[in-house]
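Have a look at the structure below before the remarks.
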Amino acid sequence: MPLISSKYVLLLLTVIILLSGCGDRYETIQAPGAIAPKLTAVQAALPTINIEKTRALFALASKIEIDDKAGLFELRKEGILIHPGEKSPSKISFKLARSYHKMIAQSFIATLPADATAVKEAGTVGVEFLLDGKSMGRFEVSRDSNNMKTINLTNAELLTVVVDNGDGKPWFDWFMLGVTELK
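Just so we're aligned, residue 47 is where the sequence shown starts under my numbering, counting upward by one.
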């Protein structure tokens, strides 16, 4: 009689594979020589967002410009993830069609793996909101910040969000956009 059953070994291997983050391409964009991320994550204080309003904004995406392998745009439970490209910013345009008056948006960096926080440049982006092509100013978002911005959308056709590397490095730049209010 074997000491460990084959079912137990198969279950253990499955758990190891699932917990190791197989297929998570975001963790591959890190500083050269950085220690591989462990399974634990540092939990930052995430802002409270309205996921239904965030989904509504995500559905309005009309033009998505992400260049290279690092660029990314997707909906997550914490908000809308926009990762800049290694060499160029990611630009996402949302077609408002003069249907909205106000948006309160939260800008922050998603929770990073514990070892990513050891990389000084990790989780720093530059963000710019443009309303019908007119800049509302550029600001920086880091893993230590949580920015709330109220945007007057009255008569606006298009909202564009531009996310760049901020410090020139694309390591763990997991910018999140969450909507608190959209009306």
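All C-beta atoms in this analysis are idealised placements derived from N, C-alpha and C, irrespective of residue type, glycine included.
Length of the line joining the Cα atoms of residue i and residue j
i    : j    : result
L103 : K148 : 12 Å
V207 : K166 : 25 Å
F221 : E203 : 24 Å
G214 : I150 : 28 Å
L127 : S108 : 16 Å
A164 : H129 : 20 Å
S153 : D161 : 22 Å
Burial state of residue i, where buried means 16 or more other Cβ atoms lie within 10 Å
i    : result
S145 : exposed
E124 : buried
T170 : buried
K137 : buried
T100 : buried
D210 : buried
G131 : buried
I110 : exposed
T196 : exposed
Per DSSP, the bridge partner or partners of residue i
i    : result
T206 : S139, L176
E111 : K137
N193 : S153
Are there three or more Cβ pairs, one per stretch, closer than 8 Å when the segment 113-127 is compared with the segment 165-183?
-> In short, these stretches do not touch, since the Cβ pair count stays below three.
With a floor of 3 residues, list each beta strand (DSSP E) that falls wholly inside the segment 123-180, ordered by position along the chain.
-> 125-129, 136-141, 148-155, 170-177
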